[in-house]
Amino acid sequence: MQITILGAAGEVTGSGYLVQTARANVLIDFGMFQGRGAGDEKNREIDPVVPARLDAVVLTHAHLDHVGRLPLLTGLACAVHATHASCALAELILRDSAKIQEGDAARENRWKERTGATPDAVALYGTAEVDAIVSRMRGHDYEQLIEVADGITARFQDAGHILGSASVELRVTEGGTTKTVVFSGDVGQKCMPILRDPVPCPPADLVFLESTYGDRDHRPADETFAELRAILEQSAWQKRKVLVPSFAVGRAQLLLHVLAEIARDGRSPVVPVYLDSPMAIRATEIYNKFPDDFDDESRGLARSGQARREFANVNLCVTPQQSRDLNESWDPSIVIAGSGMCDGGRILHHLRHNLWRRGVQVLLTSFMADGSLGRKLVDGAKTVRIFREDVVVRADVRTVGGLSAHAGQGGLIEWFTGASQKPAAPRVVLTHGEDRQRGVLAQALTGLGGCTVAQPKRFEVIEI
């Protein structure tokens, strides 16, 4: 068996693995490269690495950096296996991605026409390509054994990262011998609201382990949520308008959960909550369709109908006009809007209209990449540029760390060692992390004894 690393080697985007035996070709994830240096050429780079014939695609979860290049597999004839919730979220995310790709290409071609250049921009993919992938999707339960190809079975175990996220256990039989390979996917933090804790890695011959935060730990979750609640409650008493940039899938639902808890406690004034993100609205509706994937507390709230009633109290801004009306409002409120790093989406309009006001608070809860508007706010910029306009920052900018959907170093090691506190496999391959993070985690894992650690480059082949 050979496993080729297709991406996320020394970086955190573009996840993908090609598993090949004498009888089958199976793709594990096929994510989009994002961030600096992730141009169209890198994302279009499929052949000759991926064979024309695939027997199965298996997805760990629905984030774009794990599913975003699937529509490029034109003519795909095999099934795309995922958990039920991942199928629903992947469709949402891929359709949104296609809309963005088509819009970007159209805008570039209009600009080229105005400047006399040839309008030759082509979308990475469009709605038709997404339709083809969605038609191949097959949803499965956690812990179900699935025969995905000749001699290969798969099993999904809850990874606790986002709704439907999973670690994938492959059992591969060749020549009468069965080997077990586990792909961690993105491993979530323990004790986070809504989702269950990650299921530890099963015994295996080889494990591919993510390393996003392999160099550090997060602070305890209870401290993080206590700080978040304190800030929101104080803002309510101070009658402030609070702007919360948020990712549409995962973070927005977590924020709504915390706000519902605050409302339930009744210790602070009631403040209107606005969810100003059509994609986050649709994602939340999908979350509400899969309560069996929640932790015990959230599942109970969902089954009692309380969660749906609380969501009904949230003001949903679907149309652009509703969002514009909210821009002009000076009333105390909490506005959750995309995008999480403040580099696009409706949050830009809210920031443009409100950053210069002293009575406004901007609450940053997401990771902010270097160069993003969110990073500039975190770093204390006095003036920022939004829509070609310089905007003075007079608002109170606060940050709350520790809300990551990725486990820290301790959580990754705990996932890998389980209750036995011993390595789950004699070989571990670190991916989905920058080289510094991979290197620090590699040292920690090597210190456990009993396993060898590899840090491959893109297109490197791992044999077992």
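Under our numbering, the first residue of the sequence shown is numbered 4, with each subsequent residue one higher.
Backbone N, C-alpha and C fix where the C-beta goes; we use that ideal spot for every residue, glycine too.
Beta carbon of residue i nearer than 8 Å to that of residue j
i	j	result
Thr-434	Glu-213	yes
Ala-157	Val-61	yes
Gln-256	Ala-286	yes
Val-151	Ala-59	yes
Ala-283	Gly-167	no
Thr-24	Val-175	yes
Glu-437	Val-15	yes
Val-381	Val-387	no
Leu-366	Val-247	yes
Ser-187	Val-202	no
Val-185	Pro-205	yes
Leu-259	Val-321	no
Leu-334	Gln-364	Here residue 334 turns out to be Asp, not Leu, going by the sequence shown. No, the pair does not count as a contact, with Cβ atoms beyond the cut-off.
Met-195	Ala-162	no
Gly-17	Phe-36	yes
Ser-100	Ile-197	no
Leu-444	Gln-412	yes
Leu-173	Ile-155	yes
Leu-235	Ile-350	no
Ala-126	Gln-104	yes
Ala-422	Gln-192	no
Ala-263	Glu-313	yes
Arg-355	Glu-331	no
Leu-57	Ile-96	no
Arg-98	Thr-121	no
Val-53	Leu-30	yes
Gly-179	Leu-415	no
Simplified DSSP assignment, three categories, for residue i
i	result
Met-282	helix
Arg-110	helix
Ala-93	helix
Ile-155	strand
Ala-255	helix
Ala-120	coil
Thr-287	helix
Phe-7	Note on identity: in this sequence residue 7 is Thr, with Phe being the wrong assignment. Strand at Thr-7.
Leu-76	coil
Gln-309	helix
Thr-86	strand
Val-52	coil
Ile-165	coil
Gln-364	strand
Glu-105	helix
His-352	helix
Met-378	At residue 378 the sequence reads Arg, which differs from the Met that was named. Note: Arg-378 maps to helix in three-state DSSP.
Val-456	strand
Asp-32	strand
Arg-388	strand
Glu-146	coil
Ala-59	strand
Leu-21	strand
Glu-44	helix
Glu-132	helix
Glu-226	helix
Glu-466	strand
Gly-13	strand
Val-70	helix
Val-137	helix
Nearest-angstrom beta carbon gap, residue j and residue i [assumed within contact, 8 Å]
i	j	result
Pro-74	Glu-111	That pair is no contact at about 19 Å.
Ala-384	Val-396	6 Å
Gly-453	Pro-429	7 Å
Ser-280	Ala-340	5 Å
His-64	Ile-165	6 Å
Lys-244	Gly-362	7 Å
Arg-378	Met-371	4 Å
Met-140	Ala-85	7 Å
Asp-208	Lys-182	5 Å
Ala-266	Asp-153	That belief does not hold up - the Cβ atoms of Ala-266 and Asp-153 are roughly 54 Å apart, past 8 Å.
Near the ligand GTP: residue i beta-carbon under 7 Å from a heavy atom
i	result
Pro-74	Summarising the ligand content, the structure contains no ligands, and the ligand GTP is consequently not present.
Minimum length 4: unbroken alpha helix (DSSP H) runs contained in the segment 314-348: 323-331
Segments of 4+ residues assigned as alpha helix (DSSP H) that fall wholly inside the segment 390-454: 412-420 and 438-451
Complete beta strand (DSSP E) runs within the segment 170-214 (minimum length 3 residues, chain order): 180-186 and 209-213
Complete runs of the alpha helix (DSSP H) confined to the segment 228-274 [at least 4 residues]: 254-268
Touch test, the segment 343-358 against the segment 238-253, Cβ-Cβ under 8 Å, three pairs minimum: yes
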